[in-house]
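Q:
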Amino acid sequence: MNRNNIAENPISQSKLPIERRRVEFTLDDVTEKYYYRGNPQVSAFFASLSVGFPPGEAEFIKSVKLFEDQITDPKLREEVKNFAHQEAHHSFQHKLLNQKLNELGYQTGGIDNVFKEKLARREKQWSPQRRLARTVSAEHITATWAHWALGSEEKMQHFPTSMRHLLQWHAIEEIEHKSVAFDVYQQCVGDRRLLNWVYRHFLYFEFPLSLTLTTRALLKQDNYKPTAEDRRVFKDFLFAKKDGMVSSLWPHYRAFTKQGFHPWALDDSGLVDDWKGTLSPYFAH
635 MNRNNIAENP ISQSKLPIER RRVEFTLDDV TEKYYYRGNP QVSAFFASLS VGFPPGEAEF
695 IKSVKLFEDQ ITDPKLREEV KNFAHQEAHH SFQHKLLNQK LNELGYQTGG IDNVFKEKLA
755 RREKQWSPQR RLARTVSAEH ITATWAHWAL GSEEKMQHFP TSMRHLLQWH AIEEIEHKSV
815 AFDVYQQCVG DRRLLNWVYR HFLYFEFPLS LTLTTRALLK QDNYKPTAED RRVFKDFLFA
875 KKDGMVSSLW PHYRAFTKQG FHPWALDDSG LVDDWKGTLS PYFAH
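Count the sequence shown with this note's numbering and you get residues 635 to 919, in order.
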């Protein structure tokens, strides 16, 4: 390492091609507001995630492209272009899903505006390095959840089929490009102290607080009061020891700050290959 702590070996470490796809999901089977086992909490939780994707992914693209001219590795430069294409299409598909959720009774416009205003402030106030570090942090969380979404059929089977497949397609592409922002950061910034600080703030504070507040806001629209069964299903979804969306992934969350970490230390390329065939009917040709 040099005195600025910039990676000496500016080579992409991606293990999968980052494919440009067009997909089509009708969402005709998403007919109930509480689409996940009739559970308002899990349904609102995923609705809040979906609302955050379009503005969040726009920021991911912007923050990576701020460093595009500094990338000398031709493979990584091409991966940045494909990363941006995938993220833009994720944003488009989640906007369609959000429209469907609005039709079912979720009022998401105010939450969407809050996300956009917050990101606009950061664009003015944060350094490019910090913005990229946040993107790297968010990409690790989404790639970790993507791994869960492709490997947790028992939990995922309760989504409407088209919504489940949308989430699994999104998961495939999050895994395909999971190292792009990280590799750009390593080559163009390289400050692991900053990255680890931003990551811990994102993992332990910003992301859970944002999800909690937006989920509660959506539930409050119905003056919802959870039943004991609602709480049980929600708790099991997030914190079941074997396959909880949060609890089962802690080793992967914690691995990020270890010395020598790289996103492809968890090689889940096999999961992607397994799911491509299942989801290929949704890919537009």
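Yeah, the Cβ is synthetic: ideal placement off N, Cα and C, and Gly gets one too.
These numbers were taken from a predicted model, which means no experiment stands behind them.
Following the continuous alpha helix (DSSP H) through PRO885, name the residue where it begins and the one where it ends.
A: Against the sequence shown, residue 885 aligns to sequence position 251. Looking at the DSSP string, the run of the alpha helix (DSSP H) that includes PRO885 is 884 to 889.
Q: Taking one C-beta from the region 646 to 660 and one from the region 711 to 724 each time, how about it: are there three or more such pairs within less than 8 Å?
A: yes
Q: Please report how far the alpha carbon of THR795 lies from the alpha carbon of VAL664, in whole angstroms.
A: To locate residue 795, count along the sequence shown from 1; it is residue 161. To locate residue 664, count along the sequence shown from 1; it is residue 30. Rounded to whole angstroms, THR795 and VAL664 show a C-alpha spacing of 8 Å.
Q: Can you tell me whether TYR838 is buried or exposed, with buried defined as 16 or more other CB within 10 angstroms of its CB?
A: Working through the sequence shown from its first residue, we reach residue 838 at position 204. Exposed.
Q: Would you call the CB atoms of PHE679 and THR849 closer than 7 Å?
A: Here the question's residue 679 lines up with position 45 in the sequence shown. Here the question's residue 849 lines up with position 215 in the sequence shown. Yes, these two residues count as a Cβ contact at 7 Å.
Q: Use the C-beta contact count for SER648: other C-beta atoms within 10 angstroms, 16 or more gives buried, fewer gives exposed.
A: The count along the sequence shown starts at 1 and reaches residue 648 at position 14. Buried, since its Cβ has 16 or more Cβ neighbours within 10 Å.
Q: For the alpha helix (DSSP H) that PHE701 lies in, which residues bound it at each end?
A: Here residue 701 is taken as the residue at index 67 of the sequence shown, counted from 1. Element bounds for PHE701: n/a, residue is neither H nor E.
Q: So PRO674 and TYR858 are supposed to be a Cβ contact under 8 Å. How far apart are they, rounded?
A: In the sequence shown, the residue the question calls residue 674 occupies position 40. In the sequence shown, the residue the question calls residue 858 occupies position 224. That belief holds up - the Cβ atoms of PRO674 and TYR858 are roughly 5 Å apart, short of 8 Å.
Q: Run through DSSP, which three-state label would VAL748 get?
A: If you number the sequence shown from 1, residue 748 lands on position 114. In the structure shown, VAL748 falls within a helical segment according to DSSP collapsed to helix, strand and coil.
Q: With 16 other CB atoms within 10 Å as the buried threshold, where does ARG827 fall?
A: Mapped onto the sequence shown, residue 827 falls at position 193. Exposed, since its Cβ has fewer than 16 Cβ neighbours within 10 Å.
Q: Note down, in chain order, each residue of its chain lying with its Cβ closer than 6 Å to the Cβ of ASN639, except the 5 sequence neighbours on either side.
A: Along the sequence shown, read from residue 1 onward, the residue named residue 639 stands at position 5. Any reading at ASN639 must be qualified, since the residue scores a pLDDT of 42, below 50, and its modelled position is unreliable; the value itself is stated next. GLY824 and ASP825.
Q: Between the region 746 to 756 and the region 869 to 884, do three or more beta carbon pairs fall short of 8 Å?
A: no
Q: For PHE658, count neighbouring C-beta atoms within 10 Å of its own C-beta (all shown protein chains included) and say buried if the count is 16 or more, exposed if not.
A: Working through the sequence shown from its first residue, we reach residue 658 at position 24. In the sequence on display, residue 658 carries Glu and not Phe. By the neighbour-count rule (16 or more Cβ atoms within 10 Å), GLU658 is not buried but exposed.
Q: Would you check if the distance between the CB atom of LEU650 and the CB atom of SER903 is smaller than 7 Å?
A: The residue given as residue 650 occupies position 16 in the sequence shown. The residue given as residue 903 occupies position 269 in the sequence shown. Contact flag set, yes.
Q: Who are the near neighbours of ALA767 in its chain, counting only those whose CB is closer than 6 Å to its CB and skipping five residues on each side?
A: Walking along the sequence shown from the start, residue 767 turns up at place 133. Around ALA767: LEU828, LEU829 and VAL832.
Q: Are there 16 or more other CB atoms within 10 angstroms of the CB of PHE726, so buried, or fewer, so exposed?
A: Taking the sequence shown and counting its residues from 1, one reaches residue 726 at position 92. The residue in question, PHE726, is exposed, as its Cβ has fewer than 16 Cβ neighbours within 10 Å.
Q: Does LEU843 pass the burial test, meaning 16 or more other C-beta atoms within 10 Å, or should it be called exposed?
A: What you label residue 843 is simply residue 209 of the sequence shown in a count that begins at 1. Answer is exposed; the Cβ neighbour count stays below 16.
Q: Which whole-angstrom value describes the C-beta separation of PHE868 and SER771, a residue pair presumed to lie in contact below a C-beta threshold of 8 Å?
A: If you number the sequence shown from 1, residue 868 lands on position 234. If you number the sequence shown from 1, residue 771 lands on position 137. The Cβ separation is near 25 Å, so there is no contact.
Q: Where does THR912 fall in DSSP's three states?
A: Start at 1 with the first residue of the sequence shown, and residue 912 comes out as number 278. It is helical.
Q: Sorted by chain position, which residues of the same chain lie with C-beta nearer than 8 Å to LEU683's C-beta, five sequence neighbours on each side aside?
A: The sequence position of residue 683 within the sequence shown is 49, counting from 1. For LEU683, where only same-chain residues beyond five positions count, the Cβ hits under 8 Å are LEU845.
Q: Go ahead and label PHE694 buried or exposed: buried means 16 or more other beta carbons lie within 10 angstroms of its beta carbon, across all protein chains shown.
A: As a working note, residue 694 is residue 60 in the sequence shown. By the 10 Å Cβ count, PHE694 comes out buried.
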